[in-house]
Amino acid sequence: MIHLPLVGKKTSDQNVGVDESDALHYLRNRIFRNTVSDLWKKGRLRLFVGLFCCFIFWVGTFVLFWGGFEFVETFKLTDEIYEYLFSLFFLTLFFMLGVSTGIIVYAGLYHGREVSWLMTQPPREDGIFVHKFVESIGFAGWGVLLLGSPVLVAYGLSVKAGIIYYLAICPLLVVFIGLPGSLGATFAILIGYIVPRRPKIILSVIGVILVVVLGKFIWNMVSTKGVALTPDWMDNLLGRLAFSRHPLLPSRWMAQAVVALSHGHHANGLFYFFVIASNAAMAYLIATWVSLRVLREGFCRAQGERSSIKRRQRFWLDHFVNAVFSLLVRPVKLLIIKDARCFLRDPGQWSQFMIFFGLLGAYFLNIRKFSTNLESQVWRNLVSYLNLSVTALLLATFTSRFIFPMMSLEGRNAWMLNLLPVRRSQILWGKFAFSASLSFVASESLLMISDIQLGLQPGLIAVHGLLMAIISLGLSAISVGLGARLANFRETDPSKIAAGFGGTLNLVVSLLFLMITIGAVALPCHLYYVGLESGSEDFKRMSNSWNQNQFQVWLGLGISISIIAGVLSVLIPIRMGLCALENQEF
Amino acid sequence: MDSKIQSIPVVPPMIRFHDVTKQFGTKTAVSHLNLEVRAGELFAFLGPNGAGKTTSIKMICGLLKPTSGTVEIGGHQAGSLQARNCLAYVPDQPFLYDKLTGREFLNFVTQMRGMDKVHSQIKIAEMIRLFEIEGFLDELCEGYSQGMKQRLVFASALVHEPSVLVVDEPFVGLDPRSARIVKQMFVDQTRRGVAVLMSIHLLSIAESLADRIGIIHQGKMIATGTLSELRGKEEFNGSLEDLFLELTGGDELLQHTIKNSQPSND
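Residue numbers (the working numbering), protein chains in the order written: chain A, 1 to 586; chain B, 587 to 852.
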């Protein structure tokens, strides 16, 4: 287990022989061992499924990136281009890690019961911070290892890197994780200290700023002048991405370390490795120093935070839900109103939803400005399915993050729900109706904007609409059903429920469902349009014999597969959820 | 004579609130609170819900800072390391690590308190006997009932021999036998010279255990003293429950509610 040092020496007011960092290390060690042993004894299947999912993800990412790097290698790209690619990749990871670690550290330090208890015990404030920081960076950073390692291994194979490169991958990623993690944690402590009463608004503003910067970056990328993949276009694109290679950005250091080590320039690679490590160590020391000085004061301020805002009754919401769900029985409608009210009163939930759907909406509305190739039916069809896929992926993330934990969180109120005149199955169906309707309205609206802007034929728009309806129903059912089947009634933090085994499995199942439903319809459409125009010879061979009727048969078959997948994805998880809920003892 | 007076030891207050006010925005949770609890004294802190009891306790533990005034524990500012070293706090909702066994939790607490191994094992064995927790001590805490958790939390709070014990609603979830053990523990601790501050709603227990009682209402300490002193001050001969309702206005409200709920004779 990780045993990180504290900043400075013990002060004179500390007890002689007291080493609370040893005690906290003992605590983490015992919790880790007991958790693994408990999992091995009681949840071996869970453990293996989790490991298997990670393995599949790792292999899938590796294959994808290996293919990509091999393709890129055919252009005989210079190291400079690779540095651009890795600088961008690590810059994105840097921001994501900083924000996610910051959020987890904030929640753990200022709103956790554990810290409230530890604050009454002897550990110093920086010791408490380090204890929570190790936990947070573990939560936020394991994904970077899972995503980063296959990418770097694939790159190493494509450029035939030596053994030192492969040995350096893991230490490189670990020290890199420490830098944004420490910065995010420092920021989180300071937010709690400076603005204890409005942390959610501050975090939302930061989120919006990051998304705007990201949006601007994407805009710059897609609006690059020139014909794609020509030297002029590439020059223009690299000019727009020059900011990512700023010599003071840690992402640039990572990119240079990776490229240098892959080519056997070990001294240069090690230099950048130590630059990152020393900066990460410095950022960590700053974080512990800040925590030592302001954590207790910030904690006291955050504890004093009270919501004094009087909440008005939202009668319009009641009327709206009653009208939309008029066929449902009244208790279920009341449960939906309750869920909608809780959702609206938590800006942490809907702000993320709004930001990403808003960005997609803005992109879809301006889609014609982004590309000059939309006269081609092949491209138009391709872009329309890419847009549909992006919307569906976003929806899958939304249902995994927000809908999946709902049944677990409801478990805390089980005593009350059990006494209400509603059947347990009605609670489940209520959640399904809430999720499906919200998902349906948001995703269909986006998709219609995209399809209309692309000028698709009405028939194809109808097919997309049907597909998105199936996806909304399917994803909602998967999240609600698996949420009930794999409920975690002990955890109170929805983000931890979503990040746990059940949430991960839910996301994997959702992605498989999307692959089947979208793939079954997208493939015949793509092959048909490629056959119409002079596209790839391989595709033409597959589809050039299709006439309009044969295409309709294949499309009908694809739609049928999607409908069957949709029906199964509703029936199976909901049935599993119902059985689990009926047999659940609270 | 003078030398005799000088030899009488002056017991310093172990918990001291000096003109403490705590505000949350515009709401005053505690207003100009002055209170002293001395070594060997059991002080029962009474008050209706939202009166400021938990806020006051959190200030003792250093979880909240007063807006004005000072809170001292054993002569040290609340929240300082010295104050935390002599303090034990048992919250109304006990915190335990689900994935630790009870024994591991006690080991962790003794390590954190800097106790040497031999002494900590002796104290842990003593706590195990005192709170009768041997039967479940090697199971994970996630499987404990509320009463088991409460007994383990008491054991962990007392294992380092604190000089100040602060407890918030100590009898929630305890069966009669466990409640008896905890009551006896309070008596033993005060005999040993520990200052105990207990927030409680069970007035009969406060009546039987407390050396002094303080009643807080709307953030203000409206009465302090022994039960007889309170009765004397208020010229009241009823039970503590009647006195409490009288002082906090709950009695009038109760009578009003009862009157309104009775069917009319007309």
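Cβ coordinates follow ideal geometry from the N, Cα and C atoms, glycine included.
Note that this is a predicted model, so its numbers are computed, not measured.
For residue i, return the contacting residues in chain A, with the cut-off set at a CB-CB distance below 8 Å.
i         : result
Glu527(B) : Summary: the structure shown does not reach residue 527(B), with chain B confined to residues 587 through 852, and so no result is reported for it.
Phe631(B) : Result: empty, since nearest Cβ-Cβ is about 17 Å, beyond 8 Å.
Phe694(B) : Ala23, Tyr26, Leu27 and Arg30
Assign residue i to buried or exposed, taking buried as 16 or more other Cβ atoms, counted over all protein chains shown, within 10 Å of its Cβ.
i         : result
Val553(A) : exposed
Pro171(A) : exposed
Asn418(A) : exposed
Gly665(B) : buried
Leu833(B) : buried
Val205(A) : exposed
Gly661(B) : exposed
Ser37(A)  : exposed
Asn413(A) : exposed
Thr612(B) : exposed
Thr78(A)  : exposed
Ala711(B) : exposed
Ile518(A) : buried
Thr656(B) : exposed
Met282(A) : exposed
When you compare only the Cα positions, how much space is there between residue i and residue j?
i         : j         : result
Met701(B) : Ile574(A) : 54 Å
His526(A) : Leu386(A) : 11 Å
Ala499(A) : Pro599(B) : 49 Å
Phe722(B) : Met713(B) : 13 Å
Ser307(A) : Gly112(A) : Any answer about Ser307(A) is weak, because its pLDDT of 49 lies below 50 and its placement is not dependable; what the coordinates show is given next. Near 18 Å, if we compare the C-alpha coordinates of Gly112(A) and Ser307(A).
Phe182(A) : Leu51(A)  : For clarity, residue 182(A) is Ser in the given sequence; the question names Phe instead. For Ser182(A) and Leu51(A), the distance between alpha carbons rounds to 28 Å.
Phe501(A) : Ile104(A) : 18 Å
Phe90(A)  : Ala255(A) : 8 Å
Leu473(A) : Leu505(A) : 18 Å
Phe402(A) : Pro494(A) : 7 Å
Glu755(B) : Phe432(A) : 40 Å
Phe243(A) : Leu93(A)  : 16 Å
Tyr120(A) : Lys644(B) : The sequence given here has Thr at residue 120(A), not Tyr. Between Thr120(A) and Lys644(B), the C-alpha separation is close to 9 Å.
Gly729(B) : Lys608(B) : 38 Å
Tyr84(A)  : Gly239(A) : 11 Å
Gly465(A) : Leu447(A) : 7 Å
Ala520(A) : Leu726(B) : 49 Å
Give me the Cβ distance between residue i and residue j, rounded to the nearest whole Å; I'm assuming they're in contact under 8 Å.
i         : j         : result
Ile137(A) : Thr101(A) : 6 Å
Ile427(A) : Leu344(A) : Actually they are not in contact, since the Cβ atoms of Ile427(A) and Leu344(A) sit about 20 Å apart, beyond 8 Å.
Leu482(A) : Gly577(A) : 7 Å
Phe691(B) : Leu738(B) : 7 Å
Thr399(A) : Ser450(A) : Actually they are not in contact, since the Cβ atoms of Thr399(A) and Ser450(A) sit about 20 Å apart, beyond 8 Å.
Gly636(B) : Val616(B) : Rounded, the Cβ-Cβ distance is 11 Å, inconsistent with contact.
Val321(A) : Ala340(A) : 6 Å
Ala792(B) : Ile799(B) : 6 Å
Gly648(B) : Arg624(B) : The pair is not a contact, with the Cβ atoms about 20 Å apart (cut-off 8 Å).
Ala565(A) : Ile516(A) : 5 Å
Over the uninterrupted beta strand (DSSP E) stretch that includes residue i, give me the two end residues.
i         : result
Lys685(B) : From DSSP, Lys685(B) is part of no beta strand (DSSP E); its letter is neither H nor E.
Ser149(A) : Premise fails: Ser149(A) lies in the alpha helix (DSSP H), Glu125 to Ser158, not in any beta strand (DSSP E).
Gly655(B) : Ser654 to Ile659
Leu119(A) : Residue identity differs from the one stated: residue 119(A) is Met in this sequence, not Leu. Per DSSP, Met119(A) belongs to no beta strand (DSSP E) and is neither H nor E.
Ser785(B) : Ala781 to Ser785
Assuming residue i is part of the alpha helix (DSSP H), what are its boundary residues?
i         : result
Tyr675(B) : From DSSP, Tyr675(B) is part of no alpha helix (DSSP H) but of the beta strand (DSSP E) over Leu673 to Val676.
Val752(B) : Premise fails: Val752(B) lies in the beta strand (DSSP E), Val750 to Asp754, not in any alpha helix (DSSP H).
Val508(A) : Phe501 to Leu532
Val175(A) : Ile163 to Ile194
Met448(A) : Arg424 to Leu454
Phe34(A)  : The residue you asked about is not Phe; residue 34(A) is Asn in the sequence shown. Glu20 to Lys42 is the span of the alpha helix (DSSP H), which, as asked, contains Asn34(A).
Ala630(B) : No alpha helix (DSSP H) holds Ala630(B); the beta strand (DSSP E) holding it covers Leu628 to Leu632.
For residue i, go through chain A and note every residue whose CB falls closer than 7 Å to its CB, in chain order.
i         : result
Glu690(B) : Arg30
Gly665(B) : Arg296
Asp684(B) : Arg490
Who are the neighbours of residue i on chain B, taking C-beta pairs under 9 Å?
i         : result
Arg126(A) : For clarity, residue 126(A) is Asp in the given sequence; the question names Arg instead. Under the 9 Å cutoff, chain B gives no residues; its nearest Cβ is about 12 Å from Asp126(A).
Residues of chain B with CB under 7 Å from residue i, in chain order?
i         : result
Glu114(A) : Phe681
Arg289(A) : Note that residue 289(A) is Trp in the sequence shown, not Arg. Those do not exist, as Trp289(A) stays about 18 Å from chain B at its closest Cβ, beyond 7 Å.
Glu20(A)  : Met698
Ala107(A) : Those do not exist, as Ala107(A) stays about 16 Å from chain B at its closest Cβ, beyond 7 Å.
Gln604(A) : In this structure chain A extends from 1 to 586, so residue 604(A) is not present and cannot be described.
Any heavy atom of the ligand SAM within a distance shorter than 6 Å of the CB on residue i?
i         : result
Glu114(A) : By its list of ligands, the structure shown contains no ligand whatsoever, and the ligand SAM lies outside what it can speak to.
Could you tell me whether any Cβ in chain C is nearer than 7 Å to the Cβ of residue i?
i        : result
Tyr26(A) : This model lacks chain C altogether; the protein chains it does include are A and B.
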